[in-house]
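Asker: Counting along the sequence shown from 1, when you hit position 118 you're at 183 in this note's numbering, and nothing is skipped either side.
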Amino acid sequence: MIILDGKSIKNQILDNIRLEVIKLKDKPKLVVIQVGDDPASCVYVNQKKKMAEYVGYNFEHINLPESVSEDEVIKIIDKLNEENGVDGILVQMPLPNHLNSKIIQNRIIPSKDVDGLTDINTGKLVHNCASLISCTPKGIVDLLDAYKIEIRGKHAVIVGRSDLVGKPLVNLLLNRDATVSICHSKTKDLSTITKLADILIVAIGKKEFIDESMIKDKSIVIDVGINRVDNKLYGDVKFDTVSKKASYITPVPGGVGPMTIAELAKNVLCAYKINRQ
Ligand code: NAP
């Protein structure tokens, strides 16, 4: 069994980007908008700031009060859309209930949408012509590529159909000639399907939900889940037992999470090239 070490692949990606950024006269700029002070969001924003500082991007964190109105957020995004020195705009999710995340996300112009979540960029992904692709699904594919794992012709089973992970991943894997099945909470007899997977990707947010009885021998298991219990992180996959049956597996932490950050760094540079060169 081989552990898919997202952390070391992330470090290689960031080092390459850093070398490219050194040569740029004007530095790419990432702006992260956060509403409120949800502790998990603060951790994620901080990881993005650390990444930006490491590769040499300019970084701005706009932290708005929980009570901010949708109009105010939209005004801020409109201004950033117009600003020449801003390459990437990202709204940290989740937003408070009174704000419509779809409306807010779609306000970002597609060329600055470094999360790849606007309807335009999602649609382009369906047609296999997207430049800015949702970071977690892209990170999964890049991690498989980094380990030279063939995707073409494999049966990939995705558990979880969120707009953030499952749905974009379907298209990315289809574009790479995988046969794709996607499951969700209403799927009947889930383990019959997961046992068919050559590549099993789990993104449901339920601690150690997938055990060894639910996977095929020698399959490749990608665990997207991040579940914090008593200050410890757990994946959606029972690592100890599943790792004995799988051929490759991602750890939590240290697998998909770091790749998500690496893809954000890539997207900011890509947006810079679209917007300024
Ligand atoms: P989400 O929006 O809550 O979606 C969860 C999905 O899982 C839904 O499609 C849901 O089905 C499905 N599901 C829930 N229980 C299930 C069950 N018992 N059997 C089958 N499917 C089930 O979650 P998300 O945003 O995709 O995130 C999923 C997990 O990944 C979370 O732990 C999150 O923290 C983590 N995550 C990690 C990263 C990273 O960088 N590593 C990035 C994003 C997310 P329905 O649609 O039917 O409700």
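Where is the CB? At the ideal position from N, CA and C, for every residue including glycine. Every value quoted in this text rests on a predicted model; they were computed, and no experiment measured them.
Mind reading off the beta-carbon distance from I269 to I287? Whole number of angstroms is fine, and I expect it under 8 Å.
Answerer: Numbered from 1 along the sequence shown, position 204 holds the residue referred to as residue 269. Numbered from 1 along the sequence shown, position 222 holds the residue referred to as residue 287. The pair is not a contact, with the Cβ atoms about 13 Å apart (cut-off 8 Å).
Asker: Considering A105, what are the terminal residues of the alpha helix (DSSP H) in which it resides?
Answerer: For the purposes of this step, residue 105 is identified with residue 40 of the sequence shown, where counting begins at 1. That run of the alpha helix (DSSP H) goes 104–120.
Asker: S73 to K113, Cα distance in whole Å?
Answerer: Locating residue 73 in the sequence shown gives position 8, where the first residue counts as 1. Locating residue 113 in the sequence shown gives position 48, where the first residue counts as 1. Cα to Cα, S73 sits roughly 17 Å from K113.
Asker: In or out: Q170 buried (at least 16 other Cβ within 10 Å) or exposed?
Answerer: Within the sequence shown, numbered from 1, the residue matching residue 170 stands at position 105. Result: buried.
Asker: Mind checking whether D228 and V267 have CB atoms under 7 Å apart?
Answerer: As a first step, residue 228 is located in the sequence shown; it is residue number 163 there, counting from the start. As a first step, residue 267 is located in the sequence shown; it is residue number 202 there, counting from the start. For D228 and V267, no; Cβs fall outside 7 Å.
Asker: Please say whether K94 and V179 have beta carbons closer to each other than 7 Å?
Answerer: The count along the sequence shown starts at 1 and reaches residue 179 at position 114. The count along the sequence shown starts at 1 and reaches residue 94 at position 29. Taking 7 Å as the Cβ cut-off, V179 and K94 do not qualify as a contacting pair.
Asker: Determine the DSSP secondary structure at E125, reduced to helix, strand or coil.
Answerer: To locate residue 125, count along the sequence shown from 1; it is residue 60. Strand, per DSSP.
Asker: Under a criterion of Cβ closer than 5 Å to any non-hydrogen atom of the ligand NAP, which residues qualify, in chain order?
Answerer: For the ligand NAP, the selected residues are T201, G225, R226, S227, L229, V230, H249, S250, A268, I269, G270, V289, G290, I291, V321, G322, T325.
Asker: How many Å lie between V133 and G101 at the Cα?
Answerer: Here residue 133 refers to the residue found at position 68 when the sequence shown is read from its first residue. Here residue 101 refers to the residue found at position 36 when the sequence shown is read from its first residue. The straight-line gap from Cα to Cα measures roughly 9 Å.
Asker: Closer than 7 Å by C-beta to K164: which residues in its own chain qualify, once you throw out the five before and the five after it? Chain order, please.
Answerer: As a working note, residue 164 is residue 99 in the sequence shown. Going by the sequence as given, residue 164 is Leu instead of Lys. Excluding sequence neighbours, L164 sits near V100, E135, V138.
Asker: Let me know the secondary structure DSSP gives G153 once reduced to three states.
Answerer: As a first step, residue 153 is located in the sequence shown; it is residue number 88 there, counting from the start. Of the three classes helix, strand and coil, the one that applies to G153 here is strand, per DSSP.
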